[in-house]
Amino acid sequence: MDATEALLPAAHLLVRALVQSGVDTFFGIPGGPVSPVFDAILNTPGARLIESRHETGAAFAAADYQRASGRTPAVVVTAGPGATNVVTGVVSAHLERVPMLVICGDVAWAADGGRLLQDSGPEGIAVESMLGNVTRATVRVSRARTATAQGLAALDAAQNPANPGPALLVLPIQLGRAATPTTTVATSRTEFLSRAPRHVVEAAAEALLNARRPLLVLGAACRPHAAVIRKLVDALNIPFVTTPQAKGIVSELHPRSLRHGGLAASMWARAYTARGVDVALALGTDLDDCSVGPTRYVEEGGKLIHVDLNAAVFGRNLPTELGVVADLATFAEDLYETALREGLRHPTSSQVLRELRQSPAYEQPDFESDASPLITPQRAIADLQAAAGPEAAFVTDIGEHMLSALHYFTATGPESFTIHLGLGSMGSGISGAIGLALARPERPVVCVCGDGGMQMAGMEALVALKYRLPIVYAVFNDARYNMVYHGYRQVFGREAQWDTPWTDFARWARSMGLAGLRINHPGEIDEAMLRRVRETSLPLVLDIRIDREVRVAGGGRNEALQHMSMRDGAGR
Ligand SMILES: Cc1ncc(C[n+]2csc(CCOP(=O)(O)OP(=O)(O)O)c2C)c(N)n1
Ligand SMILES: [Mg+2]
12 MDATEALLPA
22 AHLLVRALVQ
32 SGVDTFFGIP
42 GGPVSPVFDA
52 ILNTPGARLI
62 ESRHETGAAF
72 AAADYQRASG
82 RTPAVVVTAG
92 PGATNVVTGV
102 VSAHLERVPM
112 LVICGDVAWA
122 ADGGRLLQDS
132 GPEGIAVESM
142 LGNVTRATVR
152 VSRARTATAQ
162 GLAALDAAQN
172 PANPGPALLV
182 LPIQLGRAAT
192 PTTTVATSRT
202 EFLSRAPRHV
212 VEAAAEALLN
222 ARRPLLVLGA
232 ACRPHAAVIR
242 KLVDALNIPF
252 VTTPQAKGIV
262 SELHPRSLRH
272 GGLAASMWAR
282 AYTARGVDVA
292 LALGTDLDDC
302 SVGPTRYVEE
312 GGKLIHVDLN
322 AAVFGRNLPT
332 ELGVVADLAT
342 FAEDLYETAL
352 REGLRHPTSS
362 QVLRELRQSP
372 AYEQPDFESD
382 ASPLITPQRA
392 IADLQAAAGP
402 EAAFVTDIGE
412 HMLSALHYFT
422 ATGPESFTIH
432 LGLGSMGSGI
442 SGAIGLALAR
452 PERPVVCVCG
462 DGGMQMAGME
472 ALVALKYRLP
482 IVYAVFNDAR
492 YNMVYHGYRQ
502 VFGREAQWDT
512 PWTDFARWAR
522 SMGLAGLRIN
532 HPGEIDEAML
542 RRVRETSLPL
552 VLDIRIDREV
562 RVAGGGRNEA
572 LQHMSMRDGA
582 GR
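For what it's worth, the working numbering labels the leading residue of the sequence shown as 12, then goes sequentially.
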């Protein structure tokens with residue numbers, strides 16, 4: 012073999028190695044300093060490029076692609092503004108523990124001390140410091156020869172099962188382009204086991220089964236283990252709630268489901284927790300304020316057992332009596348086996364559940380048939396759910412519409428509902444929908460969003476157009492930052508106009524080649540309408556003129572703001 016044949020640009024070797032390690036989808040926007048990586052993506056079999064319209068949109072799309080496919084994505088951004096634009100999406104992935112490899116280009120160092128445009132090193136924007144607090148590792152490629160090994164090391168850090176999240180790899184342009192001998196990088200396989208001791212599992216089982224009013228709280232980290240969690244729920248025969256981020260991990264139609272707790276909690280979750288829970292087992296949740304909200308999962312003096320691989324989440328909002336650092340699937344399996352072996356089933360929960368479920372789960376019980384001429388947000392959710400069918404994946408953006416989606420949507424499986432509540436950024440659902448659609452193209456995807464979010468991040472719909480992803484963008488158009496409007500009124504006791512310009516989103520969509528329809532009345536959205544548009548493979552924007560005064564009253568967000576704004580400086 013000719014010696015030169017064995018030489019390839021370092022960026023090509025890196026991308027090839029990433030594809031071999033299972034990273035197949037690269038989200039991002041090109042630019043000069045990162046161009047070697049884009050060139051490599053375009054020329055590497057098995058690598059797929061998804062061009063976003065904004066780098067933070069790329070990170071949100073990547074996060075939902077990871078959640079829906081289980082595959083770690085890469086987000087590729089250019090030096091300088093590419094790096095600064097991606098920050099919000101990376102922070103969100105950090106807070107939600109979503110693994111992703113962020114590859115950032117950089118200018119060449121050998122510039123004789125000149126100040127280079129977009130310099131992202133220590134004398135420029137210092138990208139490692141900027142993202143250091145929100146990544147699991149920051150790795151700067153130091154030599155072309157080591158680019159692949161360093162890239163794989165960053166990928167390992169992102170995929171660390173004990174603390175998954177984003178990891179940063181910085182690849183300066185001259186190293187990415189440098190012809191490099193093909194080397195084999197020895198990849199090691201990491202075996203990971205974190206099993207709780209048997210007596211701990213038995214103690215948890217015993218506490219739950221002897222409780223007067225027990226509760227299982229399921230968090231988003233349970234999502235990959237939904238099958239075993241479902242078996243566990245059946246075996247123990249105790250009521251369960253999910254956090255908002257775990258909505259649907261076990262179907263909300265399950266006879267022991269109290270639907271979700273926390274933000275915009277169901278009436279069942281509110282009623283059950285209001286009467287006091289003496290023993291709660293929380294699995295794979297941060298128990299952050301949105302996860303707890305108006306549903307205190309354990310009463311004063313009660314016993315909270317909290318299982319997670321990351322001990323940092325224990326004891327945050329509720330006093331944890333027992334924190335267990337363990338792999339969730341293993342813990343759930345062990346607890347299930349214990350329950351079966353000992354024949355443990357809670358004796359009185361069935362009766363309590365039957366009584367509770369006689370009362371409605373919703374603030375407005377008859378929302379599905381609400382015929383108010385101006386469509387209410389909850390009627391819009393009901394129409395969308397019926398029209399999209401049971402297979403559809405729903406994702407919500409952030410705002411007042413989110414509370415209606417949380418409260419009134421019924422999630423029937425681990426993939427039927429997604430929300431980015433780690434950071435709560437507008438635009439997260441709009442971009443996230445793209446990742447959901449890419450991961451499972453055969454499944455309908457519906458994004459519930461606001462007019463404000465669309466004005467901020469709606470151009471990501473062009474990504475859906477480019478890749479022929481027939482996402483339904485259901486814009487709850489109230490010409491207002493409605494969550495801010497109601498929050499302001501609640502906290503300050505007076506009104507302010509948080510109006511946004513009336514926008515005709517249907518015409519806006521059509522002007523760009525998407526499908527667009529105006530919805531004015533209940534019942535207008537139906538299955539045939541969505542099917543017709545889906546057959547064209549075009550994304551569809553529904554401009555839904557909703558009644559902006561109708562809201563989920565005990566949602567929790569504004570109550571939390573009110574509470575915080577009244578605390579004194581000492582945090583009491
Ligand atoms: C990036 C970002 N900026 C600001 C906010 C604060 N915020 C929360 S909800 C909201 C209003 C959203 O308006 P819209 O998308 O129309 O939804 P609505 O509340 O009207 O349903 C704002 C400004 C945020 N969450 N994220
Ligand atoms: Mg709005």
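Just so you know, even glycine gets a beta-carbon here, dropped at the ideal spot from N, CA and C.
Residues near residue i by beta carbon distance below 6 Å, same chain, minus five either side
{"i": "Arg545", "result": "Pro481"}
{"i": "Arg234", "result": "Ile260, Pro425"}
{"i": "Gly176", "result": "His105, Arg108, Arg147"}
{"i": "Arg27", "result": "Thr55"}
{"i": "Pro41", "result": "Phe49"}
{"i": "Asp377", "result": "none"}
Residue i: first and last residue of the uninterrupted alpha helix (DSSP H) it sits in
{"i": "Met141", "result": "138-143"}
{"i": "Gly440", "result": "439-450"}
{"i": "Tyr76", "result": "66-80"}
{"i": "Lys242", "result": "237-247"}
{"i": "Met278", "result": "278-285"}
{"i": "His613", "result": "The structure shown has nothing for residue 613, since the chain only spans 12 to 583."}
{"i": "Glu134", "result": "Here Glu134 belongs to no alpha helix (DSSP H), and DSSP marks it neither H nor E."}
{"i": "Cys301", "result": "300-303"}
{"i": "Leu220", "result": "209-220"}
{"i": "Leu414", "result": "411-419"}
{"i": "Ile40", "result": "Premise fails: Ile40 is in no alpha helix (DSSP H) and is neither H nor E."}
With 16 other Cβ atoms within 10 Å as the buried cut-off, status of residue i
{"i": "Trp279", "result": "buried"}
{"i": "Gly527", "result": "buried"}
{"i": "Gln256", "result": "buried"}
{"i": "His23", "result": "buried"}
{"i": "Thr253", "result": "buried"}
{"i": "Gln508", "result": "exposed"}
{"i": "Ser360", "result": "buried"}
{"i": "Gln584", "result": "Because the chain spans 12 through 583 in this model, residue 584 falls outside it and cannot be assessed."}
{"i": "Leu264", "result": "exposed"}
{"i": "Gln362", "result": "exposed"}
{"i": "His418", "result": "buried"}
{"i": "Ser370", "result": "exposed"}
{"i": "Gly91", "result": "buried"}
Cα-Cα separation between residue i and residue j, rounded to whole angstroms
{"i": "Gly259", "j": "Leu247", "result": "19 Å"}
{"i": "Arg270", "j": "Asn96", "result": "36 Å"}
{"i": "Ile316", "j": "Val150", "result": "37 Å"}
{"i": "Ala337", "j": "Lys242", "result": "18 Å"}
{"i": "Asp381", "j": "Ala323", "result": "45 Å"}
{"i": "Ile184", "j": "Gly435", "result": "34 Å"}
{"i": "Ala160", "j": "Leu112", "result": "14 Å"}
{"i": "Ala3", "j": "Trp513", "result": "With the chain covering only 12 through 583, there is no way to say anything about residue 3."}
{"i": "Glu344", "j": "Ala238", "result": "10 Å"}
{"i": "His532", "j": "Pro401", "result": "23 Å"}
{"i": "Trp519", "j": "Glu374", "result": "34 Å"}
{"i": "Arg559", "j": "Ile445", "result": "27 Å"}
{"i": "Thr99", "j": "Arg352", "result": "48 Å"}
{"i": "Arg307", "j": "Leu329", "result": "8 Å"}
{"i": "Phe405", "j": "Ala164", "result": "34 Å"}
{"i": "Asp554", "j": "Ala73", "result": "26 Å"}
{"i": "Ala485", "j": "Gly132", "result": "42 Å"}
{"i": "Pro358", "j": "Asp245", "result": "13 Å"}
Proximal residues to residue i (C-beta, below 8 Å), its chain only, five neighbours per side dropped
{"i": "Thr547", "result": "Pro481, Ala526"}
{"i": "Pro452", "result": "Leu480"}
{"i": "Asp462", "result": "Val486, Phe487, Asn488, Asp489, Ala490, Arg491, Thr511, Thr514, Phe516"}
Residue range of the unbroken beta strand (DSSP E) whose run includes residue i
{"i": "Leu29", "result": "It is not in any beta strand (DSSP E) - Leu29 instead sits in the alpha helix (DSSP H) that spans 21-31."}
{"i": "Val228", "result": "225-229"}
{"i": "Gly461", "result": "456-461"}
{"i": "Ala178", "result": "177-183"}
{"i": "Leu292", "result": "290-294"}
{"i": "His317", "result": "314-319"}
{"i": "Gly504", "result": "No beta strand (DSSP E) holds Gly504; DSSP gives it neither H nor E."}
{"i": "Asn54", "result": "Taken as a continuous stretch (DSSP letters only), Asn54 belongs to no beta strand (DSSP E), as it is neither H nor E."}
{"i": "Asn488", "result": "483-488"}
Beta-carbon contacts of residue i that lie in its chain and below 7 Å, excluding the five residues immediately before and after
{"i": "Ala581", "result": "Unreliable placement is indicated for Ala581, whose pLDDT of 47 sits below 50; the coordinate value is still reported in the next sentence. Here the set comprises nothing."}
{"i": "Ala21", "result": "Ala155, Ala158, Leu186, Gly187, Ala189, Thr191"}
Chain B within 9 Å of residue i, Cβ atoms only
{"i": "Pro183", "result": "The chain inventory of the structure shown lacks chain B, comprising one protein chain alone."}
Contact between the segment 49-61 and the segment 101-109 is defined here as three or more beta-carbon pairs at a separation below 8 Å; is this criterion met? no
Contact between the segment 402-419 and the segment 437-452 (3+ Cβ pairs under 8 Å): yes
Decide if the segment 220-236 is in contact with the segment 285-294; the criterion is three or more beta carbon pairs, one per stretch, under 8 Å apart. yes
Would the segment 291-306 count as touching the segment 153-172 if we require 3 or more Cβ pairs under 8 Å? no
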